[in-house]
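J.: Right, I'll just put the structure down here and ask away after.
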Amino acid sequence: MATEPSYNDVYRRSMRDPEDFWAEAAAGIDWDRPWDRVLDATNAPFYRWFTGGRLNTCYNALDRHVEGGRADQPALIYDSPVTGTSTTYTYVELRDAVALFAGALAAQGVGHGDRVVIYMPMVPEAVVAMLACARLGAIHSVVFGGFAANELAKRIEDARPVVVVSASCGIEPTRTVAYKPLLDDALDLVTEKPRRCIILQRPQLTADLDPTRDIAWDDALAGVGPADCVPVAATDPLYILYTSGTTGQPKGIVRDNGGHAVALNWSMRNVYGIEPGEVFWTASDVGWVVGHSYIVYAPLLAGATTVLYEGKPVGTPDAGAFWRVAAEHGVQVMFTAPTAFRAIRQQDPEGTHIDRYDLANLRALFLAGERCDPETLRWAEEKLRIPVVDHWWQTETGWAIAATCLGIEHLPVVPGSPGRPVPGWDVRVLDDQGRELPRGQTGALTVRLPMPPGAAPTLWNADERFRETYLSAFPGYYQTADAGYIDDDGHVFVMARTDDIINVAGHRLSTGAIEEVLATHPDVAECAVIGAADELKGQLPVGLLVLKAGVERPHGEIAAEVVQMVRDRIGAVAAFKTATVVPRLPKTRSGKILRATMRKIADGEEYTPPPTIDDPAILDEIAESLHPSSR
1 MATEPSYNDV YRRSMRDPED FWAEAAAGID WDRPWDRVLD ATNAPFYRWF TGGRLNTCYN
61 ALDRHVEGGR ADQPALIYDS PVTGTSTTYT YVELRDAVAL FAGALAAQGV GHGDRVVIYM
121 PMVPEAVVAM LACARLGAIH SVVFGGFAAN ELAKRIEDAR PVVVVSASCG IEPTRTVAYK
181 PLLDDALDLV TEKPRRCIIL QRPQLTADLD PTRDIAWDDA LAGVGPADCV PVAATDPLYI
241 LYTSGTTGQP KGIVRDNGGH AVALNWSMRN VYGIEPGEVF WTASDVGWVV GHSYIVYAPL
301 LAGATTVLYE GKPVGTPDAG AFWRVAAEHG VQVMFTAPTA FRAIRQQDPE GTHIDRYDLA
361 NLRALFLAGE RCDPETLRWA EEKLRIPVVD HWWQTETGWA IAATCLGIEH LPVVPGSPGR
421 PVPGWDVRVL DDQGRELPRG QTGALTVRLP MPPGAAPTLW NADERFRETY LSAFPGYYQT
481 ADAGYIDDDG HVFVMARTDD IINVAGHRLS TGAIEEVLAT HPDVAECAVI GAADELKGQL
541 PVGLLVLKAG VERPHGEIAA EVVQMVRDRI GAVAAFKTAT VVPRLPKTRS GKILRATMRK
601 IADGEEYTPP PTIDDPAILD EIAESLHPSS R
């Protein structure tokens with residue numbers, strides 16, 4: 001009897017013959033026309049996959065499953081503790097809703113290649129709008145609901161949409177956020193206005209509509225018919241997703257149709273171990289790449305059931321929210337950010353809420369978004385008693401660069417590592433001169449070109465910026481801007497962003513390594529380490545600690561203990577002498593800790609709260625903690 005291929009077998013094949021490897025994976029997608037070339041290197045380093053091929057992503061996500069016997073299978077489960085509602089859409093119901101809204105977009109003049117900006121909360125209509133754009137061959141650009149008007153304006157100005165799809169409001173645990181005034185302010189700032197804004201009126205707060213520009217969602221649907229799928233080139237853009245740029249001008253990450261569909265469909269079975277018909281829940285937001293890839297596209301491409309959650313890990317209503325959702329909907333594999341688990345652990349350090357729910361179906365948890373400290377991973381493993389897999393990827397890559405691929409081989413998870421390179425990803429560690437470093441040595445984590453299907457081929461209308469930002473530092477490689485190393489067994493260790501490697505008296509130290517130590521203290525729920533400027537040593541590490549709920553010990557005692565722990569485990573070379581307890585850490589709305597902003601606060605520099613920050617008031621708390629005498 002034939003044995004299943006091992007991870008090493010699959011990975012080596014993807015490196016040895018990538019065109020054959022990805023051509024085989026592409027057979028899992030329905031094509032209107034097969035490709036002429038699997039990998040097109042004629043414009044290297046701007047590589048393209050499946051040139052000449054034609055397909056429709058929405059057809060692959062919905063119609064083919066309806067036609068293939070999954071019409072009545074749940075496709076999308078909407079669970080909203082903030083509104084007290086839960087709704088399930090079968091594949092045929094979701095297909096019909098998407099086709100009708102595609103008809104509504106077409107009636108407003110949206111066609112192949114046109115852009116549509118989607119500024120929505122976590123509601124089914126956001127998913128419908130994304131897929132409707134894909135159905136027409138239009139390009140969607142989702143902007144996180146509630147984003148500041150000036151930041152929304154920058155994205156509208158760059159994408160130049162024909163239509164903006166929005167909602168009257170978003171709902172947070174303690175407040176309702178009016179979206180329409182933010183959208184109106186943004187449109188006042190742009191030179192080229194959209195033809196129309198389609199507004200979903202939510203009962204919690206309705207919006208005043210401008211009759212010359214705005215139309216309610218229900219009115220847009222009235223009198224229109226469903227639209228058919230429009231075949232597009234594999235290399236045509238599916239979406240633009242903006243990330244913050246260092247120049248203040250956001251970068252429009254482009255995702256193509258063909259490589260994206262192939263890679264995400266392949267990843268569901270091979271990385272996450274999900275089969276058609278199973279339930280996959282990504283607790284993220286459709287405004288971020290994780291939501292694009294693993295709330296919307298990948299589960300539906302694979303014929304699975306996806307969960308759309310409008311809530312928080314804690315506070316809606318308590319630290320058991322995730323376990324309720326997983327139990328009620330029979331979730332088999334879950335995917336969220338480490339920061340969500342740190343929030344749960346901080347509120348419920350003993351994991352008592354877990355025992356209230358039947359999690360028999362839950363067989364794996366995946367974490368991504370920022371580095372997962374080993375202590376959080378161990379806590380999750382201990383409390384859930386299932387594999388907990390940290391994995392590493394970026395907005396630009398669209399899917400995992402490194403992971404423990406549960407669908408290929410159940411290899412042991414190594415705490416502190418997001419796993420080995422995923423098949424297709426040729427990960428290398430380089431020094432500042434671009435020379436490859438030996439195993440175990442920390443340097444710049446890069447990916448040797450070409451990147452596999454699904455990775456961004458370029459930026460929207462900015463090829464040269466793409467080259468300068470990602471390809472110029474190390475010619476022939478994609479620069480991840482992460483630092484780390486690969487051990488002798490091939491495990492990748494992502495220790496910090498490149499600018500979070502600090503220089504203490506000539507010694508390069510990873511802030512992530514120090515954070516690993518701090519996180520093991522029994523009273524610490526969450527922590528961050530930043531490099532603060534020092535006249536003598538260049539930089540010195542400063543630790544910020546968030547304590548578990550109920551800890552009442554003197555903060556000075558805890559700070560002294562973690563300082564000694566770092567001295568014992570890393571050594572005096574770290575020069576770690578300062579640790580401060582803070583009420584909470586500043587984060588983006590996707591859960592990334594804002595270390596660069598805290599570094600500016602520590603150094604007394606001017607800073608602007610990033611547009612993605614979850615709560616700007618936290619920065620005042622950090623400033624008070626770091627400089628109590630100056631306030």
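Residue 236 in UniProt numbering sits at position 236 of the sequence shown; the count goes up by one each step and never skips. Even for Gly, the Cβ is constructed at its ideal location relative to N, Cα and C. Note that the structure is predicted; figures quoted are calculated from it, not measured.
How many Å lie between A532 and Q539 at the Cα?
T.: Straight-line Cα distance between these residues: approximately 5 Å.
J.: Mapping the DSSP letters down to three states, classify P541 as helix, strand or coil.
T.: Strand, per DSSP.
J.: Taking its Cβ as the centre, do 16 or more other Cβ atoms sit within 10 Å of H112, making it buried, or is it exposed?
T.: Counting Cβ neighbours within 10 Å, H112 comes out exposed, since fewer than 16 surround it.
J.: Going by beta-carbon coordinates alone, are L76 and L94 separated by less than 8 Å?
T.: It is a contact, given that the beta carbons lie within the stated cut-off.
J.: What does DSSP give as the partner residue(s) for W281 in the beta ladder?
T.: For W281, which the question treats as bridged, DSSP gives the partners V307, M334.
J.: Within the segment 99-144, note down every full alpha helix (DSSP H) run reaching 4 residues or more, in order along the chain.
T.: Runs of the alpha helix (DSSP H) inside the segment 99-144: 124-136.
J.: Who are the near neighbours of I295 in its chain, counting only those whose CB is closer than 7 Å to its CB and skipping five residues on each side?
T.: Once the five neighbours on either side are set aside, the close Cβ partners of I295 are T282, S284, V286, T306, L308.
J.: Entirely within the segment 49-94 and at least 3 residues each: give me those beta strand (DSSP E) ranges in chain order.
T.: Within the segment 49-94, the complete beta strand (DSSP E) runs of at least 3 residues are 74-80, 85-90.
J.: Hey, out of L238, V165, L430, whose CA is closest to L183's CA?
T.: Comparing Cα-Cα distances from L183 to each of L238, V165, L430, the minimum goes to V165.
J.: For R467 and Q479, I'd like the C-alpha separation in whole angstroms.
T.: For R467 and Q479, the distance between alpha carbons rounds to 10 Å.
J.: Specify, as a first and last residue, the run of the alpha helix (DSSP H) that R324 falls within.
T.: Residues 321-328.
J.: Going by C-alpha distance, which of L100, A71, W217, P421 is nearest Y89?
T.: If we check each option's Cα against that of Y89, A71 comes out closest.
J.: If I follow the unbroken beta strand (DSSP E) through F366, where does it start and stop?
T.: Element bounds for F366: 364-367.
J.: Let's test the definition: count the other Cβ atoms within 10 Å of the Cβ of E278 and tell me whether it reaches 16, buried, or not, exposed.
T.: Buried, since its Cβ has 16 or more Cβ neighbours within 10 Å.
J.: What number of angstroms, rounded off, separates the C-alpha of G53 from the C-alpha of N257?
T.: Distance between the alpha carbons of G53 and N257: 10 Å.
J.: Tell me which residue opens and which closes the alpha helix (DSSP H) that L300 is part of.
T.: Unbroken alpha helix (DSSP H) run through L300: 298-301.
J.: For I618 and P418, what's the separation of their Cα atoms in angstroms?
T.: Computed Cα separation, rounded: 29 Å.
J.: Quick one, are the C-beta atoms of Y47 and L39 less than 8 Å apart?
T.: Yes, the Cβ-Cβ distance between Y47 and L39 is below 8 Å.
J.: Since V492 contacts V427 with CB under 8 Å, what's their CB separation in whole angstroms?
T.: At roughly 6 Å, the Cβ-Cβ gap stays under 8 Å, so V492 and V427 are in contact.
J.: With three or more C-beta pairs closer than 8 Å as the rule, is the segment 342-362 touching the segment 429-443?
T.: Judged by Cβ distances under 8 Å, the segment 429-443 makes no contact with the segment 342-362, as fewer than three pairs qualify.
J.: Can you give me the C-alpha to C-alpha distance between V224 and N43, rounded to a whole angstrom?
T.: If I take the Cα positions, the gap works out to 42 Å.
J.: Does the beta-carbon distance from L136 to A102 come in below 8 Å?
T.: Yes, Cβ-Cβ distance for L136 and A102 is below 8 Å.
J.: Select from P299, Y179, L205 the residue whose C-alpha is nearest the C-alpha of C197.
T.: Of P299, Y179, L205, the residue nearest in Cα terms is Y179.
J.: Whole angstroms are fine: how far does the CA of W399 sit from the CA of R584?
T.: Straight-line Cα distance between these residues: approximately 29 Å.
J.: From the DSSP output, read off the bridge partner residues of D534.
T.: Answer by DSSP bridge pairing, in chain order: G538.
J.: Mapping DSSP to helix, strand and coil, what is L518?
T.: It is helical.
J.: Counting along the chain, where does the beta strand (DSSP E) carrying A159 start and finish?
T.: Run containing A159: none in the beta strand (DSSP E); it sits in the alpha helix (DSSP H), 149-159.
J.: Any heavy atom of the ligand PLP closer than 7 Å to the CB of C527?
T.: The model depicted lacks the ligand PLP and carries no ligand whatsoever.
J.: With distance defined between alpha-carbon atoms, name the residue in V447, L62, L377, S86 nearest to G476.
T.: The shortest C-alpha separation from G476 is found at V447.
J.: Looking only at its own chain, which residues have a Cβ that is under 7 Å from the Cβ of V110, when we skip the five neighbours before and after it?
T.: Correct list, in chain order: V116, L136, A138, V162, V163.
J.: For a test of the three-state rule: what should DSSP assign to Y7, helix, strand or coil?
T.: Residue state, collapsed to three classes: helix.
J.: Can you tell me whether DSSP reads Q441 as helix, strand or coil?
T.: Reduced to three states, the DSSP call for Q441 is coil.
J.: Can you list, in chain order, the residues of its chain with a C-beta nearer than 7 Å to that of V98? Leave out the 5 residues immediately preceding and following it.
T.: C58, L62, V128, L131, A132, R135.
J.: Compare the beta carbon distance of M122 and E310 with 8 Å and say whether it is the shorter of the two.
T.: Going by C-beta atoms, M122 is nearer than 8 Å to E310.
J.: Can you pull the DSSP bridge partners for W392?
T.: W392 pairs with A402.
J.: For A343, which residues of its own chain have a beta-carbon under 6 Å away from its beta-carbon, when the five flanking residues on both sides are left out?
T.: Result list for A343: P313, V314, in chain order.
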